[in-house]
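Student:
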Amino acid sequence: MMKFGGTSVQDAEAFKRTIEIIKTRLDKNPIVVLSATAGTTDSLESLCKNASEGEEAVCEKILSDLKEKHHLIARELVKDTSRLEELIKILDEKIAQISDLVKGIFLLSELSKRSRARILAFGEILSTNILVYTLTDMGYKCALLDSRDFIITDEEPLNGDPQKEIITNKVKEFITPLQDGKTIPVAQGFIAKSVSGSATTLGRGGSDYTASLIGMALNADEIEIWTDVDGILTADPRKVKGTQIVKEVTFREAAELAFFGAKVLHPSTITPAVEKGIPVRVLNSHNPDNPGTLIKDDIDHGEHDIKSITCKENIKVINIYSPRMLLAHGFLKKIFEIFDKYRTSVDLITTSEVNVSLTLDNEERIADIIKELEEFSEVSLEEDKALVCVIGKDIKNTKGIATKIFESLEDFNITMISQGASLINLSFVVERKDLGSVVQALHDRFFA
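Converting from the sequence shown to my numbering requires adding 56 to each position, the first position being numbered 1.
#1: Does the Cβ of residue 145 lie closer than 7 Å to at least one heavy atom of the ligand PLP?
#2: Taking the alpha carbon of residue 181 as the point to measure from, which residue in 125, 202, 345 and 168 has its own alpha carbon closest?
#3: Out of curiosity, what's the CA-to-CA distance linking residue 415 and residue 312?
#4: Going by C-alpha to C-alpha distance, which of 365, 255 and 241 sits closest to residue 297?
#5: Just tell me which of 267, 444, 440 and 396 has its CA closest to the CA of residue 428.
#6: Rounding to the nearest angstrom, what Cα-Cα distance links residue 449 and residue 479 in this structure?
#7: Which same chain residues end up closer than 6 Å to residue 327 when comparing Cβ atoms and leaving out the 5 residues on each side of it in sequence?
#8: Between 232, 233 and 341, which lies nearest to residue 75 when the distance is taken from Cα to Cα?
#9: Report the CB separation of residue 223 from residue 251 in whole angstroms; it is logged as a contact under 8 Å.
#10: May I have the straight-line CA-CA distance separating residue 300 from residue 399, to the nearest angstrom?
#11: Hey, how far is the Cα of residue 244 from the Cα of residue 271?
#12: Answer with buried or exposed for residue 379, where buried requires no fewer than 16 other C-beta atoms within 10 angstroms of its C-beta.
#13: Whose C-beta lies closer than 8 Å to the C-beta of residue 376 among residues of the same chain, with five residues either side of it excluded?
#14: What does the Cβ neighbour count give for residue 423, buried or exposed, with the cut at 16 atoms within 10 Å?
#15: Residue 462 bridges to which residues according to DSSP?
#16: Any idea what DSSP makes of residue 504, helix, strand or coil?
#17: Using DSSP bridges, identify the partner residues of residue 377.
#18: According to DSSP, simplified to helix, strand and coil, what is residue 292?
#19: In the structure shown, what three-state DSSP assignment does residue 114 receive?
#20: Just to confirm before moving on: does the CB-CB distance between residue 102 and residue 167 stay below 8 Å?
#21: Would you say residue 445 and residue 316 are within 8 Å of each other, going by their C-beta atoms?
#22: Is the beta carbon of residue 373 closer than 8 Å to that of residue 242?
#23: Under 8 Å by Cβ, that's how I've got residue 151 and residue 122 pegged, so tell me the actual separation to the nearest angstrom.
#24: Check whether the Cβ atoms of residue 325 and residue 287 lie closer than 8 Å to each other.
#25: Who does residue 58 pair with in a DSSP beta bridge?
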């Protein structure tokens with residue numbers, strides 16, 4: 057089971073590297089899941105936004121650029137003239153279908169979630185066509201699958217909840233017959249279909265989820281996530297000097313890392329793998345000889361109890377003050393019902409006698425949430441915050457870890473300190489402007 061992200065197919069050279077990697081796995085009967093080419097989903101998001109605002113000229117430019125980009129990649133990869141013409145025709149048809157959807161948005165002056173889901177799906181459809189035609193041109197037998205035939209979700213258009221039992225049955229129906237040792241099945245990541253047949257997606261980063269769901273359904277030996285970094289690192293190299301590769305992490309550690317901002321993994325990727333005990337390996341398509349990071353059940357932690365320091369930027373803190381209600385039965389339940397209503401997750405929560413504080417990084421429905429909270433409490437919003445999370449084995453019961461953490465940060469203002477129930481993370485909130493310095497100080501303390 058191999059998933060390649062957008063940077064692994066960002067241009068013709070990247071496609072060639074990806075194909076070379078696939079060729080090394082042919083003896084393992086691989087199934088390939090592909091993201092859209094790098095930047096394409098962002099372009100499609102921009103297309104949706106500009107279409108909803110009536111910016112026809114901007115939309116025409118985006119569509120033209122998308123066509124040119126994919127034509128250029130196709131022309132560099134496919135050598136057979138008739139096969140190339142066939143591929144170009146398919147790419148043009150897909151771009152025309154996007155254009156028709158955009159015209160519908162212009163006509164209605166409205167962008168529905170369903171229309172957005174339909175438009176966003178085309179990134180993966182374009183990239184998988186290019187890969188299959190290129191592999192076929194090189195003499196390999198391929199099968200271009202439509203993930204919407206077997207990745208089935210609930211009715212939420214943009215962040216669908218996978219229906220795992222249905223998916224398992226559908227994957228066996230559509231993919232198992234192709235596992236003949238001769239055919240390379242290629243499927244789109246991210247895109248899905250609801251139980252009723254409407255267009256849905258698994259959310260941004262959902263290609264990892266697709267691979268994990270297929271791997272779960274087929275009980276794969278291993279799921280490979282190919283990215284543009286050498287695996288999971290001890291911190292974000294864009295913020296910290298001297299980062300190192302983490303050779304192995306447990307499923308629980310990886311899930312915490314994903315949830316708390318490690319961009320190598322989609323937060324939900326691990327769940328289907330955990331359910332089946334399938335190892336996940338994070339690899340770099342630009343450096344395929346590097347063994348990357350292995351995620352599995354039982355590992356030797358070695359020298360460091362701390363595995364990684366991760367963070368989320370642009371966090372918002374909601375403070376809920378209600379001395380009359382706080383100790384009342386069902387008060388916290390009432391709060392979380394509001395967050396559940398707007399499908400908004402909370403990262404941290406701390407409570408005192410009269411105050412509840414929560415952090416979140418999704419601001420899409422924050423005004424609605426605050427409005428409902430204000431019906432029974434006083435609410436304040438703090439912005440420009442950041443969340444830092446230290447993750448490792450049994451932090452709660454390891455003597456001296458907390459002391460080392462907070463001694464390293466004596467020059468910074470720290471709030472909302474929280475020890476996760478999982479025992480493997482310790483999280484806190486800092487000022488966004490201090491984030492880089494905070495993470496560097498922690499990294500120097502534990503990994504220098």
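C-beta: ideal position from N, C-alpha, C; glycine also.
Tutor: Per the coordinate set shown:
#1: Ligands in the displayed structure: none, and consequently the ligand PLP is not present.
#2: Considering only 125, 202, 345 and 168, the residue with the shortest C-alpha distance to residue 181 is 202.
#3: So the two alpha carbons sit approximately 16 Å from each other.
#4: 365
#5: 396
#6: 8 Å
#7: none
#8: 341
#9: At roughly 11 Å, the Cβ-Cβ gap does not stay under 8 Å, so residue 223 and residue 251 are not in contact.
#10: 35 Å
#11: 14 Å
#12: exposed
#13: 391, 411, 412, 413, 414, 429, 433, 434 and 435
#14: By the neighbour-count rule (16 or more Cβ atoms within 10 Å), residue 423 is not buried but exposed.
#15: Paired residues: none, contrary to the question.
#16: coil
#17: 411 and 434
#18: Coil at residue 292, not helix or strand.
#19: helix
#20: no
#21: The answer is yes: Cβ separation under 8 Å.
#22: no
#23: 6 Å
#24: no
#25: 88 and 280
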